[in-house]
Amino acid sequence: MCGRYYVDDETAREINNIVRIADEKANKETSAMLQFQARDIHPTETAPVLMASNQKLCCSLQRWGFPGFQGKQVIFNARSESVLEKKTFRESVECRRAVIPATWFYEWNRNKEKNTFYRKEQPVLFMAGIYSRYQNEDRFVILTTEANASMKPVHDRMPLILEKSEIIPWIFDRDKTKEFLHKVPCVLERKADFEQMSLF
3 MCGRYYVDDE TAREINNIVR IADEKANKET SAMLQFQARD IHPTETAPVL
53 MASNQKLCCS LQRWGFPGFQ GKQVIFNARS ESVLEKKTFR ESVECRRAVI
103 PATWFYEWNR NKEKNTFYRK EQPVLFMAGI YSRYQNEDRF VILTTEANAS
153 MKPVHDRMPL ILEKSEIIPW IFDRDKTKEF LHKVPCVLER KADFEQMSLF
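In the working numbering, each residue carries its 1-based index in the sequence shown increased by 2.
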């Protein structure tokens with residue numbers, strides 16, 4: 003599961019670099035759009051998302067979460083194992099795949115204690131997602147999968163983490179979609195404030 007994550011200046015720089023490498027003609031609009039304040043991202047808030055536009059990689063600011071059923075709540079995660087079977091998500095996963103960059107994400111254990119998950123040697127995580135258009139704006143959800151060994155002590159679900167080299171294939175190569183949906187994410191580092199506090 004993923005219900006909150008964090009972005010910072012390093013995230014913005016990495017997005018700019020990825021878009022620039024993918025499209026040498028990327029203009030200054032992308033850079034200007036990514037001058038956002040470092041902050042936690044909650045469902046219903048806007049955040050940068052990598053996506054395809056006119057057969058090119060670009061970045062846009064989208065709102066996190068599809069509208070819930072009968073206008074209630076917000077759907078902000080989708081299970082990768084069953085996403086192709088769900089009417090709400092099927093067309094998006096087939097045609098509108100995206101990548102959500104983050105510095106780290108948070109998860110709470112059964113005692114409601116917050117844990118921070120990140121990659122030790124890489125400044126940015128890349129979470130697989132999909133998006134759709136609702137009321138004249140694009141909105142995204144983050145795909146989740148079964149937790150790996152680094153996540154299981156805290157939660158049984160985790161975001162579907164992609165490698166940097168998998169961003170372009172995930173977004174553009176429809177033939178590899180099913181393969182990615184069953185991918186086992188990399189091992190993550192975990193930081194827990196309550197564990198540090200218990201040492202004193």
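Every residue, glycine too, gets a C-beta built ideally from N, C-alpha and C.
All of these numbers come straight from a predicted model, not from anything done at the bench.
Per DSSP, what kind of secondary structure is residue i in: helix, strand or coil?
i           : result
residue 19  : helix
residue 34  : In this prediction, residue 34 scores a pLDDT of 43, lower than 50, which makes its location untrustworthy; no coordinate-derived value is stated.
residue 14  : helix
residue 40  : coil
residue 47  : coil
residue 123 : coil
residue 185 : coil
residue 4   : coil
Just list the residues that DSSP pairs residue i with in beta bridges.
i           : result
residue 92  : Partner(s): none; residue 92 has no beta bridge.
residue 190 : In the DSSP output, where bridge partners are listed per residue, residue 190 has none listed.
residue 76  : 69
residue 109 : 117
residue 54  : 59
Counting along the chain, where does the beta strand (DSSP E) carrying residue i start and finish?
i           : result
residue 64  : 58–66
residue 117 : 116–120
residue 2   : No information on residue 2 is available, as it lies outside the stretch 3 to 202 that the chain covers here.
residue 71  : Neither: residue 71 is in no beta strand (DSSP E) and is coded neither H nor E.
residue 9   : 7–9
residue 101 : 99–104
Are residue i and residue j closer than 8 Å when you measure CB to CB?
i           : j           : result
residue 107 : residue 6   : yes
residue 78  : residue 144 : yes
residue 53  : residue 173 : yes
residue 90  : residue 10  : no
residue 115 : residue 176 : no
residue 117 : residue 76  : no
residue 103 : residue 161 : no
residue 150 : residue 189 : yes
residue 65  : residue 139 : yes
residue 21  : residue 59  : yes
residue 67  : residue 159 : no
residue 166 : residue 128 : yes
residue 81  : residue 146 : yes
residue 98  : residue 133 : yes
Alpha helix (DSSP H) runs contained entirely in the segment 128–182, provided each spans 4 or more residues: 169–174
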